[in-house]
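K.L.:
Numbering (the working numbering), first residue to last: 277 to 554. Glycine included, every Cβ here is placed at the ideal spot set by N, Cα and C.
Next comes the structure, spelled out in structure tokens:
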């Protein structure tokens with residue numbers, strides 16, 4: 277009941293904002309990864325919206341839901357059998373305020389719940405951060421900041437940096453941490469992207485047995501190198517295809533006093549997505 281109320285609350289917030297937004301994007305993706313130890317299947321839906329409050333202030337909202345399951349190929353401990361139907365729900369509120377023609381400040385707050393079952397509000401973790409952007413020219417911007425996130429599978433505060441440069445009308449480059457991307461659009465209908473990004477999650481796995489008092493935790497951190505092709509069917513609908521290689525650099529399962537790390541977690545990934553712009 278608590279889990280459903282939490283999910284409904286987050287989607288209610290986004291639905292409330294949508295009516296006043298200038299731009300709304302609904303993005304759904306399914307993907308799979310095959311490694312020596314397991315197959316990982318993931319489903320994701322992300323709803324983002326943005327709105328200019330004034331000429332100097334803009335806000336954006338995002339609600340994201342991800343369902344992840346692991347099909348185990350090797351014999352691990354009993355706790356690993358629980359790693360199916362993992363769920364993650366998050367809400368992000370971001371604000372960007374222009375300070376001058378060259379400087380702006382960014383802030384975001386991001387409550388996240390990552391769990392298996394028996395969700396409790398005490399398991400929500402609060403992420404977010406601050407950033408400062410400097411515009412060298414209309415085509416070049418540098419953003420530096422601090423983020424409390426789970427990039428490496430645990431909650432920690434890390435510096436972030438992004439250098440954006442528009443080389444031409446067709447080519448854009450974003451260099452930095454935690455992601456780097458090269459984008460090329462050879463016509464108004466097609467976009468190619470090359471990207472490398474670091475992503476992480478921290479799951480609380482509540483035991484299914486009523487007489488068990490200890491929770492298991494799963495720390496995931498992945499480094500993905502992807503090639504992406506995006507094609508717009510019309511002005512509102514887009515199809516995306518992604519393929520590449522993913523290294524699960526952190527796969528740490530903690531059950532009671534037992535800690536299990538797995539290293540054979542590299543493999544090819546493929547994903548298909550559909551995007552709708554309101």
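1. Run through DSSP, which three-state label would residue 446 get?
2. Please report the straight-line C-alpha distance between residue 447 and residue 470, rounded to a whole angstrom.
3. Would you tell me roughly how many angstroms separate the C-alpha atoms of residue 406 and residue 370, rounded to the nearest one?
4. Using the three-state DSSP reduction, which class does residue 397 fall into: helix, strand or coil?
5. By Cβ distance below 6 Å, which residues in the same chain neighbour residue 440 in space, the five residues on each side in sequence not counted?
6. Quick one: grab the DSSP three-state call for residue 499.
7. CB residue 324 to CB residue 337, shorter than 8 Å?
8. Classify residue 426: buried if its beta carbon has 16 or more other beta carbons within 10 angstroms, exposed otherwise.
9. Cα separation between residue 510 and residue 519?
10. How is residue 435 classed by DSSP in three states: helix, strand or coil?
11. Taking residue 310 as part of the beta strand (DSSP E), name the residues at either end of that continuous run.
12. Enumerate in chain order the residues of its own chain whose CB-to-CB distance from residue 508 is below 6 Å, with the five nearest sequence positions on each side excluded.
13. Secondary structure at residue 541, three-state DSSP: helix, strand or coil?
14. For residue 375, is the classification buried or exposed, using 16 other Cβ atoms within 10 angstroms of its Cβ as the cut-off for buried?
P.N.:
On the basis of the coordinates in this document:
1. Here residue 446 refers to the residue found at position 170 of the chain shown. DSSP places residue 446 in the coil class of the three-state scheme, outside both helix and strand.
2. Looking up residue 447 in the chain shown gives position 171. Looking up residue 470 in the chain shown gives position 194. In this structure, the alpha-carbon of residue 447 lies about 11 Å from that of residue 470.
3. Mapped onto the chain shown, residue 406 falls at position 130. Mapped onto the chain shown, residue 370 falls at position 94. Using only the alpha carbons, I get a separation of about 10 Å.
4. Position 121 of the chain shown, counted from the start, is the residue given in the question as residue 397. Here residue 397 sits in helix by DSSP.
5. One-based indexing of the chain shown puts residue 440 at position 164. Only 417, 450 meet the Cβ criterion.
6. Here residue 499 refers to the residue found at position 223 when the chain shown is read from its first residue. In this structure, residue 499 counts as strand in the three-state DSSP scheme.
7. Within the chain shown, residue 324 is the residue found at index 48, counting from 1. Within the chain shown, residue 337 is the residue found at index 61, counting from 1. In contact: residue 324 and residue 337 (Cβ atoms closer than 8 Å).
8. Taking the chain shown and counting its residues from 1, the one referred to as residue 426 is at position 150. With 16 or more other Cβ atoms within 10 Å, it is buried.
9. The residue labelled residue 510 in the question sits at position 234 within the chain shown. The residue labelled residue 519 in the question sits at position 243 within the chain shown. Roughly 23 Å separates the two Cα atoms.
10. Reading the chain shown from its first residue, position 159 is the one you call residue 435. Of the three classes helix, strand and coil, the one that applies to residue 435 here is strand, per DSSP.
11. The residue you call residue 310 lines up with position 34 of the chain shown. Unbroken beta strand (DSSP E) run through residue 310: 299-311.
12. For this step, residue 508 is matched to residue 232 along the chain shown. For residue 508, where only same-chain residues beyond five positions count, the Cβ hits under 6 Å are 465, 514.
13. Mapped onto the chain shown, residue 541 falls at position 265. Of the three classes helix, strand and coil, the one that applies to residue 541 here is coil, per DSSP.
14. For the purposes of this step, residue 375 is taken as the residue at position 99 of the chain shown. Exposed is the label assigned to residue 375, since fewer than 16 other Cβ atoms lie within 10 Å of its Cβ.
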